[in-house]
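Heads up: the sequence shown runs through residues 0 to 119, numbered per numbering that gives the first Met the number 0.
C-beta atoms are modelled at their ideal positions from N, C-alpha and C, and glycine is treated no differently.
Inspection log for the structure reproduced underneath, given as structure tokens.
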Amino acid sequence: MTRWFAAVAMAASLAFAAGGAVLAQSSPAEREPEEPTVFPDGEYRDEVFYVCTACHGSDLVRAQGHSRERWAEVLTIMVEKHNMAPLEGEDLDKTLDYLAKAFPPKGRGYTNPFLNRTTN
0 MTRWFAAVAM AASLAFAAGG AVLAQSSPAE REPEEPTVFP DGEYRDEVFY
50 VCTACHGSDL VRAQGHSRER WAEVLTIMVE KHNMAPLEGE DLDKTLDYLA
100 KAFPPKGRGY TNPFLNRTTN
């Protein structure tokens, strides 16, 4: 019984310590405000930064890499599924131009290792 109590007490103290560590981390409201300079320099950077960060952090955009066509699909998904205000005309063109240039596709993408494999 004593070992069981000691194990429960240890687990409770670890859970309490972990909870305190989570609470000690800064919340999104306490983070430093982001600025357009976190995006690569380029024409329309500031405008695109504010379009993107109106809904989410810049880290989400900076982690991406797409072609202009794929960025257009991403924006369409955000409008249709996440209630983003639609971009049209020149605003859409400027946004897509900047995103495609500043955040192009990364690497080769996924390649199926079993596709076109010959057997001996």
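Exercise. Please report how far the alpha carbon of residue 51 lies from the alpha carbon of residue 88, in whole angstroms.
Key: Answer to the nearest angstrom: the Cα atoms are 17 Å apart.
Quiz item: Applying the criterion that 16 or more other CB atoms from any shown protein chain within 10 Å of the CB defines a buried residue, is residue 97 buried or exposed?
Solution: A buried status is given to residue 97, since no fewer than 16 other beta-carbon atoms sit within 10 Å of its beta-carbon.
Self-check item: Proximity to residue 45 [Cα-Cα], best of 113, 90 and 115
Solution: It is 90 whose Cα lies nearest to the Cα of residue 45.
Quiz item: What is the DSSP secondary structure of residue 101, counted as helix, strand or coil?
Solution: Reduced to three states, the DSSP call for residue 101 is helix.
Practice problem: Report yes if the C-beta distance between residue 67 and residue 99 is below 8 Å; otherwise report no. | Solution: The Cβ atoms of residue 67 and residue 99 sit closer than 8 Å to each other.
Quiz item: Alpha carbon to alpha carbon, how far is residue 48 from residue 40?
Solution: Counting only the Cα atoms, residue 40 lies some 11 Å from residue 48.
Practice problem: Below 8 Å on the Cβ atoms is my guess for residue 64 versus residue 103; work out the distance and round it to an integer in Å. | Solution: That belief holds up - the Cβ atoms of residue 64 and residue 103 are roughly 6 Å apart, short of 8 Å.
Exercise. For residue 37, decide whether its Cβ has a neighbour in chain B, counting only Cβ atoms nearer than 8 Å.
Key: Absent from the structure: chain B. Only one protein chain is present.
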